[in-house]
Amino acid sequence: MPDKHPPILGFAAFSGTGKTHLLTRLIPILKNLGLRIGVIKHSHHDFDIDHPGKDSFRLRAAGATPVMLVSPYRRAVITEFSPPRDIKLREQLAAFPCEALDLILIEGFRDEAFPKIELHRPALAKPLLYPTDTNIIAIASDQPLTTPAHLPCLDLNDPDAIAEFILHHFPRIDSD
Numbered sequence: 001m002p003d004k005h006p007p008i009l010g011f012a013a014f015s016g017t018g019k020t021h022l023l024t025r026l027i028p029i030l031k032n033l034g035l036r037i038g039v040i041k042h043s044h045h046d047f048d049i050d051h052p053g054k055d056s057f058r059l060r061a062a063g064a065t066p067v068m069l070v071s072p073y074r075r076a077v078i079t080e081f082s083p084p085r086d087i088k089l090r091e092q093l094a095a096f097p098c099e100a101l102d103l104i105l106i107e108g109f110r111d112e113a114f115p116k117i118e119l120h121r122p123a124l125a126k127p128l129l130y131p132t133d134t135n136i137i138a139i140a141s142d143q144p145l146t147t148p149a150h151l152p153c154l155d156l157n158d159p160d161a162i163a164e165f166i167l168h169h170f171p172r173i174d175s176d
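Take 1 as the starting number for the sequence shown in the working numbering and just add one per residue.
Below, the structure written as structure tokens:
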């Protein structure tokens, strides 16, 4: 990945492992440490952020793409991909407004090459990802695991410890 953005860190796991749950607990901790955090979440499903009857929906249905909806509180850009296509993280980073961020957390994009923490729950009976993904820098599990010496095993249920790991792993993150 090009270095025109702040550091990126992914959270990779099979569906149902708790990626979003962990991120919703981790982000406030990082924010309280003074970090400005952005998130890019990959979804395999179709989704809509506007609704029938709303002006933005009507403009998009009329054929406009992209459509930007702006208020004093937030901005959303809706871009149609026609035909649907494979989504690559590099393309999403190029479109992501990251100039005011210290760290971008990535949920998904499991098969792309960038630093990731693997989430693993042995009870789900899914294979570990780290043996075939050299970009995994740690594993967060709800059970103790035997991992190679270079691969720390973090407690999936301890977001404070995961935040501490992130701060030590990315020393250039500046939280002043």
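The C-beta atom is built at its ideal place from N, Cα and C for all residues, glycine as well.
Residue i vs residue j beta-carbon contact at 9 Å
{"i": "L89", "j": "I106", "result": "yes"}
{"i": "V67", "j": "S82", "result": "no"}
{"i": "L145", "j": "I37", "result": "no"}
{"i": "G34", "j": "L124", "result": "no"}
{"i": "A12", "j": "L129", "result": "yes"}
{"i": "D160", "j": "I29", "result": "yes"}
{"i": "V39", "j": "I49", "result": "no"}
Beta-carbon proximity list for residue i, same chain, < 7 Å, skipping 5 on both sides
{"i": "D185", "result": "Beyond the ends of the chain as shown, which are 1 and 176, falls residue 185; an answer cannot be given."}
{"i": "P2", "result": "For P2, the pLDDT reaches just 47, beneath the cut-off of 50, and the residue's location in the model is therefore unreliable, leaving the point undetermined."}
{"i": "K41", "result": "E107 and G108"}
{"i": "F14", "result": "L124 and K126"}
Straight-line gap, residue i to residue j (C-alpha atoms, nearest Å)
{"i": "K126", "j": "Q92", "result": "28 Å"}
{"i": "N135", "j": "A62", "result": "43 Å"}
{"i": "A113", "j": "L101", "result": "21 Å"}
{"i": "T147", "j": "I137", "result": "11 Å"}
{"i": "G10", "j": "V70", "result": "28 Å"}
{"i": "A189", "j": "G53", "result": "As shown, the chain starts at 1 and ends at 176. That puts residue 189 outside it, with no answer to give."}
{"i": "A163", "j": "R60", "result": "39 Å"}
{"i": "A149", "j": "L22", "result": "24 Å"}
{"i": "G18", "j": "F165", "result": "18 Å"}
{"i": "R25", "j": "R85", "result": "32 Å"}
{"i": "R140", "j": "K31", "result": "Reading off the sequence, residue 140 comes out as Ala, not Arg. Approximately 20 Å, taken between the alpha carbons."}
{"i": "H5", "j": "F96", "result": "9 Å"}
{"i": "R110", "j": "P72", "result": "35 Å"}
{"i": "S43", "j": "I87", "result": "9 Å"}
{"i": "V77", "j": "C98", "result": "15 Å"}
{"i": "H168", "j": "R75", "result": "33 Å"}
Close beta carbons around residue i, own chain, < 6 Å, minus the five adjacent residues each side
{"i": "E80", "result": "T65"}
{"i": "K178", "result": "Because the chain is modelled from 1 through 176, residue 178 falls outside the range shown and cannot be assessed."}
8 Å CB neighbourhood of residue i in its chain, flanking five on each side removed
{"i": "H51", "result": "F57"}
{"i": "F170", "result": "P7, L9 and L103"}
{"i": "C151", "result": "Here residue 151 is Leu; the residue named in the question, Cys, does not match the sequence. Y130, I136, I137, A138 and I139."}
is_contact[residue i, chain B] using C-beta, thresh 9 Å
{"i": "E112", "result": "In summary, chain B is missing from the structure at hand, where a single protein chain is found."}
Residue ranges of each beta strand (DSSP E) within the region 58-144, 3 or longer:
67-70, 75-78, 103-107, 116-120 and 136-141
Within the region 16-45, note down every full alpha helix (DSSP H) run reaching 4 residues or more, in order along the chain.
19-32
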